[in-house]
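*Asks:* The listed protein sequences derive, respectively, from chains A and B.
Using my numbering, the first residue of the first sequence is number 433, and each one after it goes up by one.
Using my numbering, the first residue of the second sequence is number -1, and each one after it goes up by one.
Think of the CB as a built atom: it goes at the ideal place given N, C-alpha and C, for glycine as much as any other residue.
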Amino acid sequence: GENVEQHPSTLSVQEGDSAVIKCTYSDSASNYFPWYKQELGKGPQLIIDIRSNVGEKKDQRIAVTLNKTAKHFSLHITETQPEDSAVYFCAASPFNRGTYKYIFGTGTRLKVLA
Amino acid sequence: GAVVSQHPSWVICKSGTSVKIECRSLDFQATTMFWYRQFPKQSLMLMATSNEGSKATYEQGVEKDKFLINHASLTLSTLTVTSAHPEDSSFYICSASRSGTGGETQYFGPGTRLLVL
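1) At least one CB of chain B closer than 9 Å to the CB of residue 443 of chain A: is that the case?
2) Quick check: what's the CA-CA separation for residue 78 of chain B versus residue 32 of chain B?
3) Please state the DSSP three-state secondary structure of residue 481 of chain A.
4) Anything in chain B within Cβ reach of residue 475 of chain A, meaning under 7 Å, just list it in chain order.
5) Less than 9 Å between CB atoms is the rule here; does residue 2 of chain B satisfy it with respect to chain A?
6) Would you tell me roughly how many angstroms separate the C-alpha atoms of residue 442 of chain A and residue 17 of chain B, rounded to the nearest one?
7) Here's a check: name, in chain order, each residue in its chain whose Cβ is nearer than 7 Å to the Cβ of residue 516 of chain A, leaving out the five neighbours to either side.
8) Could you tell me which chain A residues have their CB closer than 7 Å to the CB of residue 103 of chain B, listed as they occur along the chain?
9) Under 9 Å between beta-carbons, which chain B residues line up against residue 534 of chain A? List them in chain order, please.
10) Let me check understanding here. Comparing Cα to Cα, which of B:62, B:110, B:95 lies closest to residue 23 of chain B?
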């Protein structure tokens, strides 16, 4: 089955710096990769996603890159702000296996220092 | 768009009682909903996949008689924790799957914190 590894587990950056979180997956059938932000005591919020036919996607300060050959994808946050502090989860999903289940990474706790 | 609600947001109950948690997709129809459990500082653990009008599919190790799931409509799924015990205390989160161009995306509810005394 699918396995998703996420690194680092914790990340501290200065306000205004960039943050990068990396995930690798094992199932080559995975073709959808969402990223979620979870604030303390709340449910995960979708922040960006990418499908396997695209190599990069950007939405303002957030971007995601996908390397299908190497089976890894990354989240890039530029010009970080204190409100970006949260736990970020990556996920992989193999749509073509007839299921929409997500396999989640272990999460990255991002702290943006003011 | 893509708003999912959960009720209640938190609940405290006595050991041995049952607790029902509702998950609603407010502005879209969801054929499939998912129930997750999350322990402090850990990732989301999928408990079951709920399909409208059919039986839920439970993940390995999740007791279906303990965690009853009903998906009676395209906008509502319920999770009932039966005969709750302190070890059932956790953060329960649902998600609803929404169709879009290129596939399905899960949108999560705000979660329900359950404390069993």
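*Replies:* Taking the definition as stated:
1) The count along the first sequence starts at 1 and reaches residue 443 of chain A at position 11. So no, residue 443 of chain A is outside the interface.
2) Here residue 78 of chain B refers to the residue found at position 80 when the second sequence is read from its first residue. Here residue 32 of chain B refers to the residue found at position 34 when the second sequence is read from its first residue. Approximately 14 Å, taken between the alpha carbons.
3) The residue you call residue 481 of chain A lines up with position 49 of the first sequence. Reduced to three states, the DSSP call for residue 481 of chain A is strand.
4) The sequence position of residue 475 of chain A within the first sequence is 43, counting from 1. For the C-beta of residue 475 of chain A, the chain B residues within less than 7 Å are, from N- to C-terminus, 91, 106, 107, 108, 109.
5) Translated into the one-based positions of the second sequence, residue 2 of chain B becomes position 4. Yes, contact with chain A.
6) Residue 442 of chain A sits at position 10 when you count from the first residue of the first sequence. Residue 17 of chain B sits at position 19 when you count from the first residue of the second sequence. Going from the Cα of residue 442 of chain A to the Cα of residue 17 of chain B covers about 35 Å.
7) In the first sequence, the residue the question calls residue 516 of chain A occupies position 84. Cβ neighbours of residue 516 of chain A beyond the five flanking positions: 509, 542, 544.
8) Translated into positions along the second sequence, residue 103 of chain B becomes position 105. Per Cβ cutoff of 7 Å: 466, 478, 481.
9) By 1-based counting over the first sequence, the position of residue 534 of chain A is 102. Close partners of residue 534 of chain A in chain B (Cβ separation under 9 Å): 32, 42, 44, 93, 104.
10) The sequence position of residue 23 of chain B within the second sequence is 25, counting from 1. Selected option, being the one with the closest Cα: B:95.
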